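Student: 643 is the number that my numbering gives the last residue of the sequence shown; the numbers go up by one with no jumps.
Note that CB positions come from ideal geometry on N, CA and C, so glycine has one too.
This one's a predicted model, so the numbers in the text were calculated from it and none came from an experiment.
Got a structure for you, written out below as structure tokens; questions coming shortly.
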Amino acid sequence: MVGLISGATALVTGAGSGIGRAVVRQLASRGAAIALLDQDAEAVGLVGKEASELGAARVVELAADVSDRVAVQDAFRSAADELGPLDALACAAGILVPGGLTEVTPDEWQRHFDVNTTGVLHCLQSGTPLLRDDAAVVVVSSNAARVPRTGMLAYAASKAATSALTRCAGLELAARGIRCNVVEPGSTDTAMLRELWRDPDGGASATLAGDPASYRVGIPLQRIAEPDDVAAMVCFLLSEEARHVTLQQIYVDGGASL
Ligand code: NAP
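Structure, rendered in structure tokens:
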């Protein structure tokens, strides 16, 4: 993989918000050429403008639902037509609808898998022929993939499958020198997290302190992550500095997976 500076090519999903947006901003400020994919076309446009202002070598805006296999294939093809082969792929698109064992509906269960798991599969399958040999892939999963959480049954199960599928794909792609790693964030200050908090201040302090009633430890570092904290790990794993790192699942959660 060429260094992620001046002209390296990258595709980022979930680019319109939160962690995906932070990844785009960090890649842009290093001069990468970036394809932004999100279901929210307006958000893609806004983040695309930011990326250009920050110094992206090129920006390609793609609106697609990652659960739609054909739409993802078309979007990846457009990205490669515009940018050429990809040096880096970061998959951050995801959803979380709270619900425990007795609450989760069949539709909610299915949608988590369609977006969080099959959506990543679609990106890996569409991306594989377009990735350069020695490219790097990072999939944003969740610490819930490995730590049981109350009220997050479908989300956690879909993310555990996502982490596993990424590492299996990485094992197959290693022969081409393509690295695949998984970043598993904890509570990160984005729209997804804030929607879980009915009272924003109370939500933050309860998350930091933990809650024995739901078997949840707090965050030892006593801070909610900024999207940039997670994006920094994603960008490190996409970079040449991580050239000997593959098939890893790395928590970025301030110690919450204790
Ligand atoms: P976010 O701010 O809601 O951003 C997610 C982005 O993905 C949004 O722009 C969203 O569009 C887009 N998206 C959702 N479904 C999509 C689909 N089917 N196709 C294409 N784009 C889609 O959330 P975030 O916190 O940055 O989440 C990024 C990733 O980090 C997710 O995979 C999430 O599970 C993971 N994560 C987050 C946290 C956290 O505390 N924030 C913790 C652990 C893991 P809309 O706005 O239109 O929905």
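#1: To the nearest angstrom, report how far apart His-629 and Leu-556 are at their CA atoms.
#2: Measuring straight from C-alpha to C-alpha, what distance separates Gly-479 and Ala-560?
#3: Checking 8 Å against the spacing of the C-beta atoms, do Ser-543 and Phe-498 come in under that value?
#4: Is it a yes or a no for the stretch 406–421 touching the stretch 439–456, going by three-plus beta-carbon pairs under 8 Å?
#5: Assign Leu-486 to buried or exposed, taking buried as 16 or more other Cβ atoms, counted over all protein chains shown, within 10 Å of its Cβ.
#6: Between Ile-404 and the ligand NAP, is there a pair consisting of the residue's CB and a ligand heavy atom that are separated by less than 7 Å?
#7: Are there 16 or more other CB atoms within 10 angstroms of the CB of Gln-424, so buried, or fewer, so exposed?
#8: Apart from the five residues just before and just after Gly-401, which ones in its own chain have a Cβ nearer than 7 Å to its Cβ?
#9: Identify whether Ala-478 lies in helix, strand or coil by the three-state DSSP scheme.
#10: DSSP three-state call for Val-387: helix, strand or coil?
#11: Which residues bound the alpha helix (DSSP H) around Asp-466?
#12: Would you give the residue range spanned by the beta strand (DSSP E) that Ala-521 belongs to?
#13: List, from N- to C-terminal side, the beta strand (DSSP E) runs of 3 residues or more that fit wholly inside the stretch 411–438.
#14: Between the Cα of Gln-634 and those of Gly-512, Gly-571, Asp-459, spot the shortest distance and give me the residue it belongs to.
#15: Pick helix, strand or coil for Asp-499, following the three-state DSSP scheme.
#16: Kindly indicate the opening and closing residues of the alpha helix (DSSP H) around Arg-579.
#17: What alpha helix (DSSP H) runs, 4 residues minimum, are completely inside the stretch 582–626?
#18: My understanding is that Pro-605 touches Gly-640, with C-beta atoms under 8 Å, so please give their C-beta distance in whole angstroms.
#19: Please classify Ser-452 as buried or exposed, where buried requires at least 16 neighbouring CB atoms within 10 angstroms.
#20: Quick one: give me the first and last residue of the beta strand (DSSP E) that Thr-547 is part of.
#21: Would you mind working out which of Gly-588, Ala-456, Pro-533 sits nearest Tyr-600, comparing C-alpha positions?
Tutor: Judging by the given coordinates:
#1: 13 Å
#2: 29 Å
#3: yes
#4: yes
#5: exposed
#6: yes
#7: buried
#8: Asp-423, Asp-425, Ala-428, Val-429, Val-432
#9: coil
#10: Annotation note: pLDDT 45 at Val-387 (below 50); position unreliable, no value reported.
#11: 454–468
#12: 516–525
#13: 418–423
#14: Gly-571
#15: helix
#16: 576–581
#17: 585–594, 612–623
#18: 3 Å
#19: buried
#20: First-last for Thr-547: 538–558, but that is the alpha helix (DSSP H), not the beta strand (DSSP E).
#21: Pro-533
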